[in-house]
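See structure below.
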Amino acid sequence: MNDRLPGPALRVNPEKTIHFSYRGRPMQGVAGDTVATALYASGVRIFSRSFKYHRARGLYSLDGQSSTCMMEIDGIPNIKAEITSLREGMAVRPQNVLGSPQRDLLAVAQWLDWAMPPGFYYKLFHKPWFLWPIFSKMIRRAAGLGRLNEEGHPGNFENLFLNCDVCIVGGGPAGLQAALAVAELDLRVVLLETRSHLGGFYDWRVVRSAWGQPFWARGRELENTVVQHPAIRVFKQTHLTGIFADNLLSAVQTGQPGEVFDERYMEIRAGSVVVATGSAERPLVFENNDRPGIMQCGCAHRLARTYGLLPGNRAVLSVGHDLMLEAAIDLADMGLEIAVVADARSTGQDESLVDALAQRNIPLLKGWLAAEARGKKGVKRVLLTNRMREESRLFQCDLLIASAGRAPVLDPLLMTRTRFELDRQTGFMLPVQLPSRLYAAGRMLGWDDAQAIEDSGRLAGLKAAADCGFALSDFIKPLEKSLQGRFQFRARQMMSRAPGPGHKSFICFDEDVSVADIHRVVAEGFDSVELCKRYSTAGMGPSQSGIPGQNLPLALAECRGHTLESLRPAKVRSPLRPTLLGTLAGKHYQLVKQTPLRKIQQQLGASFVRAGQWERVQYFGNDPTAREEIANVHANVGLMDVSTLGKFRIVGKDALAVLQRMYVSDLSRLIPGQLKYSAMCNEDGCLIDDGMITCRGGDDYYFTTTSARARDTMEWFGYHSRFEDWDYHIVNLTDGWGAVSLAGPAARQVLSRVVKDDVGNDFYSKGYVETQLKNGIAVRLLRVGFVADQGWEIHAPASATAAVWNALWDAGQDFGIQPFGLEAQNVLRLERGHIIIGEDTELRTTLLDLGLGFLWDRNKKGFKTVGVAALHQTENQPDRMKLIGFKMNDPSQTPPGGAIIVDTQVRGYVTSVRYSQALKQSIGLALVEAPLARDGTLLEIFIGGPDRRRLGAKVQRGPFY
Amino acid sequence: MSATITCPICGRRSIYEFRFGGENRGPRPFDDQATAQQWYAYVHLRTNAAGPQQEWWYHRDGCGTWFTTWRDVTLDCEVEAKEGKNE
Ligand SMILES: [Zn+2]
Chain A
1 MNDRLPGPAL RVNPEKTIHF SYRGRPMQGV AGDTVATALY ASGVRIFSRS FKYHRARGLY
61 SLDGQSSTCM MEIDGIPNIK AEITSLREGM AVRPQNVLGS PQRDLLAVAQ WLDWAMPPGF
121 YYKLFHKPWF LWPIFSKMIR RAAGLGRLNE EGHPGNFENL FLNCDVCIVG GGPAGLQAAL
181 AVAELDLRVV LLETRSHLGG FYDWRVVRSA WGQPFWARGR ELENTVVQHP AIRVFKQTHL
241 TGIFADNLLS AVQTGQPGEV FDERYMEIRA GSVVVATGSA ERPLVFENND RPGIMQCGCA
301 HRLARTYGLL PGNRAVLSVG HDLMLEAAID LADMGLEIAV VADARSTGQD ESLVDALAQR
361 NIPLLKGWLA AEARGKKGVK RVLLTNRMRE ESRLFQCDLL IASAGRAPVL DPLLMTRTRF
421 ELDRQTGFML PVQLPSRLYA AGRMLGWDDA QAIEDSGRLA GLKAAADCGF ALSDFIKPLE
481 KSLQGRFQFR ARQMMSRAPG PGHKSFICFD EDVSVADIHR VVAEGFDSVE LCKRYSTAGM
541 GPSQSGIPGQ NLPLALAECR GHTLESLRPA KVRSPLRPTL LGTLAGKHYQ LVKQTPLRKI
601 QQQLGASFVR AGQWERVQYF GNDPTAREEI ANVHANVGLM DVSTLGKFRI VGKDALAVLQ
661 RMYVSDLSRL IPGQLKYSAM CNEDGCLIDD GMITCRGGDD YYFTTTSARA RDTMEWFGYH
721 SRFEDWDYHI VNLTDGWGAV SLAGPAARQV LSRVVKDDVG NDFYSKGYVE TQLKNGIAVR
781 LLRVGFVADQ GWEIHAPASA TAAVWNALWD AGQDFGIQPF GLEAQNVLRL ERGHIIIGED
841 TELRTTLLDL GLGFLWDRNK KGFKTVGVAA LHQTENQPDR MKLIGFKMND PSQTPPGGAI
901 IVDTQVRGYV TSVRYSQALK QSIGLALVEA PLARDGTLLE IFIGGPDRRR LGAKVQRGPF
961 Y
Chain S
1001 MSATITCPIC GRRSIYEFRF GGENRGPRPF DDQATAQQWY AYVHLRTNAA GPQQEWWYHR
1061 DGCGTWFTTW RDVTLDCEVE AKEGKNE
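Protein chains in written order, with my numbering: chain A, 1 to 961; chain S, 1001 to 1087.
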């Protein structure tokens, strides 16, 4: 099974066996194989079933341009087997089949194609509407590719952010020469190559090059020089996914065996960019062009030369480029029987290649091409015709190598502002105007001979280097001159197709879109490339424009009878290649902050929850409703970690002016020791933040913000003073300082045991005290009644916060101190009628709507306080939503948060609701239309679901507890 | 997505470090009292020029400075200041 043909250009090591499984059965490949080549070597020919019709599909190309080789590998669906390196122990499964790819029970779909014309989703299944849920269920089961791994996304992901002078996209001869030209000037180069080796189309060719050595050897020589060059970083198996403004490139690299990541996201900021993506084969379109056993020429040639696998026994070739004639000769010499070579070009072939075919008695039919493949699960016979289909001949074979010729790979350039024109000589869409600092090189420009390709790479490299500040015109000009007049393609490369309706002539393999479908779509009026693409879904599958991108515009022009010069390629967008979600959003992006009290609380049995940037304690022990924690704050004293609160110092001559602009209250009379509760609005007058402010003496202030707002506060203050010449400094102490909240009837006794001062009435009348604990820790005490009448926040440097907690904990033992978390806090503040911003407010609730108008100091003038203009305007608007408290009529009923409040229509909704153990009553806050906000109004709360009903509630203003 | 923004203090940096603060429309033209029209025009209306415009940017993951720069929104790139338009 591991027998491979010998050859000089092999990229596999037949000595080293690799074990894997396919459909649960053990299989073998060799080191250097891809999953697809290992399966091919093991005799697998049907690789998948197509998306819509479940047609058998096989190995078609080796560069991941179509979905025919997509499989589930190690639990991840939709992996392209032909570009995935084989690893020891891999578990490979086919997808989109019921049974096996050989006998797919869903294959009946291909006889139902009449029922699935383009757009059939829109047309067929919307009437009658009551059947839609049934249809959608059926379609969902049959449609889609692969099944999701519900346990999560296995694999290791990482990212890499790079800077370089020049980034080169494509590691073929042009890209390698460009890289060397740049690197020789000691500029830093990043080179991206999608394959697992460099050298492009040199890599597998054994014919002699103009430099004397065979092409493959020339390729490896260039590869080694580049890989060893200290100024060049080479990334293989790396797919460009986007080019953005200012030459920001994104790419995705697949981990090779032995690498620590499975896939990684890359971003490259480059001074200049050289795109040298070369050309790909233009798929030949004919009836049943998707049968297993039909493959592109490069695929067959590389199977033999790179992987040592003879792709079949008896082959027919229908091709359109000299490289493919060369491949035919080479494959024949390796032992493949070649029945016939059809060349879509009537003239223009390299005579030496024509002679070589004749020497081997291989018939060459000029101006002929494949019109139809026959055989159900694999190709058995091929019908060849001349271009106008006047003559035809049938050939037996088990391999059809089919290709219309070559076409430039334009995807990277199509994402930029490059202007293209169709070149009559080559038939290529050529870039005629590129944005600055972006260059194209190599075969994508139409160069056909190796020397010209390498020279154009070098030229592009020099131009890119010149952008980085080198005077290189002495080198650039002669190179430009020598390239002038160098011949390009010998014959024009266009879509070739024998005439016929084309019902099973597929333009897009991913989505099963045929030539006939395109005709139908155009007849329905979707006749521009973009509309046709969306309506037919050609090119919208996993390989995007890979296969269909080449032929869709041509097919469209053909059926509209337009001139080819008017062609425009379909727009492409990032990501150019499908990317694993794990790569874009994997766990390495989950940056989360932990408070200095995390460890202590963990030991106390805390359950943590993600709250914004932070991980916070939801509750302790096993009770998510936190009843004991709540009862303990009511009866004794509780301790809570509130380190996430925003904590800021603002100091300077104009600090007060800034505060006056941001806060709605008048802070000018704030004296040391006094603590003031106030709020900030946005320009719409809507509440965005509340907190405590104190003056530490002179022009030095300390204030807190909500946890959610901490991050934006510096920015907010800066934004609203950006036009002022104010002298102030603001310091964010949120992470540098921790804080605990001590609350409950016994809070004062606990505090008196730990602080140095005498907690007498004088102390107690103050809102803010800066003092020390008995153990010497400097703390700031803020009198806060958010969750209890007797409540203090104790702020201390983060490094000392744990010591503060421990001191309070020890002192509180005699008073029954217990920790409490967010759930308890939520119920406690609800009982006291306090709001949580973001939960009981939204982006259209003003300070006045929330009943916090008392914070607004209307006599404060001249500070342009943010939001005040809007408050003036909205204060008398009759139709605003108001925040109210409510009690449930049936005390035991607790509606879900977010439930709507109705009479004959929706009148509001519940923002917070909990059952209060202390009150033996469900209580909540709700936003309702103003007429319903009066104290004592009866509300009806709608409960949906199977037992829909309305619950009664009554508006109650003011605190409940 | 423009790739870089030039901070007057830190120099040319990745755009991810910054936060967009909108086109420059000058200081707020009214005090605590404003007509609905004045307020609406300042808070909610934008010029949305197709071409170079002066914009506010905040160096959030950097020095924390608010500053203005010129950017051509059709090219997505920072550009030289429009003559006579700098504030
Ligand atoms: Zn900066």
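Don't be surprised by glycine CBs; every beta carbon is placed ideally from N, CA and C.
Indicate, with yes or no, if ligand 1 has a heavy atom lying under 6 Å from the CB of residue i.
i	result
T1065/S	yes
G1062/S	yes
H1151/S	Since the displayed chain S opens at 1001 and closes at 1087, residue 1151/S lies outside it and no answer follows.
I1015/S	no
H1059/S	yes
I1009/S	yes
Tell me where the beta strand (DSSP E) around residue i begins and ends.
i	result
M714/A	Here M714/A belongs to no beta strand (DSSP E); instead the alpha helix (DSSP H) covers A710 to H720.
Q602/A	Q602/A -> not in any beta strand (DSSP E); alpha helix (DSSP H) instead, spanning R598 to Q603.
R610/A	A606 to A611
G549/A	Careful: G549/A lies outside any beta strand (DSSP E), inside the alpha helix (DSSP H) at P548 to R560.
Y619/A	W614 to F620
With distances taken from CA atoms, which of the options is nearest residue i?
i	options	result
A373/A	F244/A, L284/A and D449/A	L284/A
V189/A	A178/A, D423/A, I329/A and H197/A	A178/A
S85/A	G502/A, N732/A, T894/A and K236/A	K236/A
L773/A	T801/A, D517/A, A746/A and V35/A	T801/A
A404/A	L584/A, T418/A, C297/A and Q425/A	C297/A
C468/A	Y663/A, L185/A, L597/A and R780/A	L185/A
L62/A	D474/A, T37/A and M680/A	T37/A
E831/A	E842/A, Q877/A and I884/A	I884/A
E454/A	I794/A, R914/A and W211/A	W211/A
Any chance the CB of residue i is under 6 Å from a heavy atom of ligand 3?
i	result
G427/A	Absent from the structure shown: ligand 3. Ligands present: ligand 1.
Hey, is residue i's beta-carbon within less than 7 Å of any beta-carbon in chain S?
i	result
L249/A	no
A464/A	no
R649/A	no
A181/A	no
K593/A	no
K599/A	no
A655/A	no
M1/A	Here M1/A scores only 46 on pLDDT, less than 50, and its place in the model is too uncertain to base an answer on.
For residue i, would you say it is in contact with chain A, using Cβ-to-Cβ distances shorter than 7 Å as the test?
i	result
W1070/S	no
I1005/S	no
Y1016/S	no
C1077/S	yes
D1061/S	no
R1012/S	no
G1064/S	yes
E1080/S	no
R1025/S	no
R1028/S	yes
DSSP beta-bridge partners for residue i?
i	result
H795/A	A739/A and R780/A
L80/A	Reading off the sequence shown, one finds Lys at residue 80/A, where the question assumed Leu. Note: K80/A sits in a beta bridge opposite M70/A.
R188/A	Note: R188/A sits in no beta bridge, so no partner.
S21/A	P26/A and A91/A
S279/A	P408/A
With residue i as the anchor, note down where its alpha helix (DSSP H) starts and where it stops.
i	result
Y663/A	Element bounds for Y663/A: n/a, residue is neither H nor E.
Q359/A	E351 to Q359
A210/A	Note, A210/A: premise wrong, no alpha helix (DSSP H); not H, not E.
D517/A	V515 to A523
R748/A	A747 to V754
**Report entry** Interface positions of the stretch 698-731 of chain A facing chain C (Cβ-Cβ less than 7 Å), listed along the chain
**Finding:** Among the protein chains in the structure shown, which are A and S, there is no chain C.
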